[in-house]
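Residue numbers (this note's numbering): 1 to 664.
Ideal placement from N, C-alpha and C gives every residue a C-beta, glycine not left out.
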């Protein structure tokens, strides 16, 4: 059996009768039931629990088998059974209302309450939409009327013929009034909750599109059967782009992404163009949808209300839309939702824009600060390098001046000695010749002469004296070579580019460091292995290049001395190997390799940094390799590489061009 929504076989009671009545006709059980339902509604009970408690109590008070509550969905084209007793109490039914025009819908909503005889022939007509319980005979349906629209129905059914009294009707009207108030209060609370939840997300800086999506999801929970969506104005201000459409058909959502802003551009495009709300209640017959009608209807979109959300200056930022599967009119509840949604969307968008602008400004400031910091760091590093180079240069200059002075002071007496040795040698030869002639002429010696010859061992003296003079001459020559080497190393008169013999610079460096090659505790001295290739003279800053050789070879000696335990416990000999070769007929390669313990990878990454050192305090400044790198790479357009592995020693490769521009 079905519930008839037409006008036949019904008894209608005035809605105002209960308000004008002094309640005298209501008995105690009716009043107590109304009070109990009111208390439960005010207690904040969930609507589903309130509905179920209501149908249970109503069935008990009216002594009927069946009681049901139907709620009208947001588009007024569908009913949902939200509570029942006696009739599949735990099963929620859903019925679409087969009304295709607004006129039919309004006529249906005009019914306030009706008493129905479910066995009458009128109940079998085609316009019946709600099935009655199978064994019911008489039914009563009362509209749950909201402030601006019907919200649903409260029904009761008896299994026998029943004449419902005016008090019965008044009782149900009182109950529906409480239910309507509870429904609308819950809706208001839901709107407030939605607003607070989304604004909290805005405050916490949640992504704008995530906020839009959450807003639509929360509002769709209050609009069963409806679609909520957001479009945002793109940068060129000519189109709308997808912002959020959590349940809208995917193909339809893709289709409206990029919608032109303008008149007759659907609900959203027109709303953005006008800067005002647009309500299209029936897409099939509205000219605003002429160009998109078939597309919308093919996705079962038959009504669409859109409202723009704007900035504080009035700029349209986007649109919020509610779409329906049926033609329908907006209610006050819908208008409240549109107002709330656009208000929240405006706040979220402007907050997001402000945050993005602030972030952009902050990023730009950070970039500028980073650039300035980098510039200052580079300037500081350059200054430190310059200071270090100046200190080192002054040190080398002072050393050079000292060496030159010492060499000069040594050179004078050595030259005097070397020059006089020639005369001394000649005089000694003459004296030895005289002694030989004297021995030939006077072979018979007096006892005194014979005794003296014996005491001084004249024969040994005559043989050894020329050797002694020769040794003195060799020593003088050695001192002369050392002085020359010191002068060549200092090169105070050669600050400009000059073609020199690289091997001479290496040999002079080794000569100066020769005294450091000795090791204690009977460990073999550090062995120098030279494998010189055929090198042409090289255009370079010879004084600076000598500094590089000094720093690297000195570090190799230090590394070998630090590995004393290895030399004491093995047959390995501490060795420094120096190789030179020509690369591609344009560059020369100088390799200085030791067989020490090697360098850790993390240390290798820093060895050319100024002031970095692994030596104890007082034994190293951390400038040697940094200055060497600067000399080779910056001054000579070359390369300085470190190749090392733990336990396998360290190799420094110096590669410089044979010829370089003096202007560098």
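Less than 7 Å between the C-beta atoms of residue 52 and residue 83, yes or no? yes
What first and last residue would you give for the alpha helix (DSSP H) that runs through residue 52? 47-62
What is the DSSP secondary structure of residue 585, counted as helix, strand or coil? coil
Which whole-angstrom value describes the C-beta separation of residue 638 and residue 656, a residue pair presumed to lie in contact below a C-beta threshold of 8 Å? 4 Å
For the region 566-583 against the region 531-544, do three or more pairs of beta-carbon atoms, one drawn from each stretch, fall closer than 8 Å, so that the two count as touching? yes
Which residues in the same chain have their Cβ closer than 7 Å to the Cβ of residue 161, if we skip the five residues on either side of it in sequence? 137, 138
In its own chain, which residues sit with a C-beta less than 7 Å from the C-beta of residue 331, not counting the 5 before and 5 after it? 148, 149
Buried versus exposed, by CB contacts within 10 Å (16 or more), residue 226: buried
For residue 648 and residue 660, what's the separation of their Cα atoms in angstroms? 34 Å
Near residue 604, which residues of its chain fall below 7 Å by C-beta distance, leaving aside the five closest residues on each side in sequence? 642, 644
Per DSSP, residue 183 forms a beta bridge with which residues? Paired residue(s): none; residue 183 is not in a bridge.
Please list, in chain order, all residues of the same chain as residue 69 whose beta carbon is under 8 Å from its beta carbon, the five residues on each side excluded. 51, 54, 55, 81, 82, 83, 84, 144, 152, 153, 154, 155, 179
Could you give the DSSP three-state label for residue 139: helix, strand or coil? strand
Whole angstroms are fine: how far does the CA of residue 142 sit from the CA of residue 30? 16 Å
Assuming contact is defined by CB atoms lying nearer than 7 Å, are residue 591 and residue 504 in contact in what I supplied? no
C-alpha gap between residue 378 and residue 601, whole angstroms: 25 Å
If we call anything under 7 Å between Cβ atoms a contact, is residue 233 one with residue 314? no
Less than 8 Å between the CB atoms is what I'm expecting for residue 240 and residue 352, so what's the real figure, rounded? About 17 Å; that fails the 8 Å criterion.
Within the region 257-342, note down every full beta strand (DSSP E) run reaching 3 residues or more, in order along the chain. 278-280, 303-310, 316-324
Reference residue 596; option with closest CA among 557, 549, 607, 625: 557
Candidates 522, 606, 473: closest to residue 423 by CA position: 473
Taking 7 Å as the cut-off, decide whether the C-beta atoms of residue 65 and residue 159 are in contact. yes
If we count the other Cβ atoms within 10 Å of its Cβ and call it buried at 16 or more, is residue 568 buried or exposed? exposed
On the DSSP bridge list, what partners appear for residue 540? 498
Residues near residue 237 in its chain [Cβ-Cβ closer than 8 Å; skip 5 each side]: 261
Segment limits, alpha helix (DSSP H) that includes residue 209: 208-220
Measuring only the C-alpha atoms, how far is residue 607 from residue 624? 10 Å
Tell whether a beta-carbon distance below 7 Å holds between residue 59 and residue 182. no
Quick one, which of 510, 561, 543, 582 has its alpha-carbon nearest residue 521's? 561
Return the first residue and the last residue of the beta strand (DSSP E) that residue 155 is part of. 150-158
Any heavy atom of the ligand COA closer than 6 Å to the beta-carbon of residue 549? You won't find the ligand COA in this model; it holds no ligand whatsoever.
Please look up how many angstroms separate the CB atoms of residue 500 and residue 542, rounded, as I've assumed it's under 8 Å. 5 Å
Which word fits residue 173, buried or exposed, when buried means at least 16 other C-beta atoms lie within 10 angstroms of its C-beta? buried
What residues in its chain sit with their C-beta under 6 Å from that of residue 630, if we drop five residues either side in the sequence? none
Please state whether DSSP places residue 244 in a helix, a strand or coil. strand
What is the residue span of the alpha helix (DSSP H) that residue 454 lies within? 447-456
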